[in-house]
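In the numbering used here, the protein residues as written are 10 to 205. A short worksheet on the structure shown next.
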C-alpha cells in the first residue's frame, strides 16, 4: 500500500500542471491580439509541462498498486488530452498568424510594384478645327482634370502642346484659364465661319 503523503504530493503536482494548462488555454481563447513570439513562448511552456507530466506519470506508476492504477490512469489521461489539445490549438494559431503575415506581405508587395505602363504623350494642337475636340478631350483628361497640377504647370503643358497656327493665339500675359478660353473661342469662331 502506498503512503497517503506520496499520493497527496503527486495529486498536487498533477493539479499544478492542470491549472497551468487551464491558464494557457484561457489566454489562448482570450480576445486580445496574439503574436507569433507570444504563442511560441506558450508552446514552449506546453513542451516543458509535457516533460513534467511524463515524470509525474512514472512517479504515479511506481507507487500505485493495480486497483489504484485504474483511477489514476483516468485522471492522467484527462491531463494528457488537455495537453495535446492545447498544443494543437497553439500550433494552429501560430500557423494562422504566419499565413496572415504572409498574406499581408504579398499584398504589400503587389501594391509596391505597380505595373509600368508606357508614358502617354502630351496631345498637340496645330490649330485645325477638326482636331480641336480630340485635343480638348485628351488635354482635359491628362492635364486639366489632374488636381495635383498647379495652374502654372497646366499653362506650361498647354503652351507645350500648341503648334503651328495655334501657337499664334498665346500671349505672354496669358494664364492657363485665359489661354484655354481663347482656344475655345477661336474654335467657335472657326466653326461659325465654316457655317456661313
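Where is the CB? At the ideal position from N, CA and C, for every residue including glycine.
CB contact check: residue i to chain C, cutoff 8 angstroms
i, result
"residue 86", "Chain labels in this structure do not include chain C; a single protein chain is all it has."
Cβ-Cβ separation, residue j to residue i (assumed contact under 8 angstroms), whole Å
i, j, result
"residue 54", "residue 85", "That belief does not hold up - the Cβ atoms of residue 54 and residue 85 are roughly 19 angstroms apart, past 8 angstroms."
"residue 65", "residue 22", "5 angstroms"
Per-residue burial, residue i [other beta carbons within 10 Å of its own, 16 or more giving buried]
i, result
"residue 71", "exposed"
"residue 159", "exposed"
"residue 136", "buried"
"residue 79", "exposed"
"residue 83", "exposed"
"residue 172", "exposed"
"residue 126", "exposed"
"residue 204", "Because residue 204 carries a pLDDT of 49, less than 50, the predicted location of this residue cannot be relied on, and no value is offered for it."
Among the options, nearest to residue i - alpha-carbon criterion
i, options, result
"residue 81", "47, 68, 49", "68"
"residue 92", "16, 129, 12, 60", "60"
"residue 13", "146, 73, 50", "73"
"residue 177", "134, 156, 35", "134"
"residue 149", "139, 138, 174, 186", "186"
"residue 62", "101, 20, 43", "20"
"residue 181", "193, 165, 194", "165"
"residue 56", "94, 41, 77", "94"
"residue 141", "157, 193, 154", "193"
Spatial neighbours of residue i in its chain, beta-carbon cut-off 8 angstroms, leaving aside the 5 residues before and after
i, result
"residue 45", "103, 106, 107, 110"
"residue 129", "151"
"residue 43", "37, 102, 106"
"residue 100", "52"
C-beta atoms of residue i and residue j nearer than 8 angstroms
i, j, result
"residue 96", "residue 52", "yes"
"residue 58", "residue 30", "yes"
"residue 131", "residue 169", "yes"
"residue 179", "residue 188", "yes"
Other residues of its chain near residue i: CB distance less than 7 angstroms, five sequence neighbours each side excluded
i, result
"residue 98", "37"
"residue 195", "178"
"residue 184", "160, 164"
Close-in-space but distant-in-sequence residues of the same chain around residue i (CB under 6 angstroms, 5 per side omitted)
i, result
"residue 161", "none"
"residue 191", "178"
"residue 147", "132"
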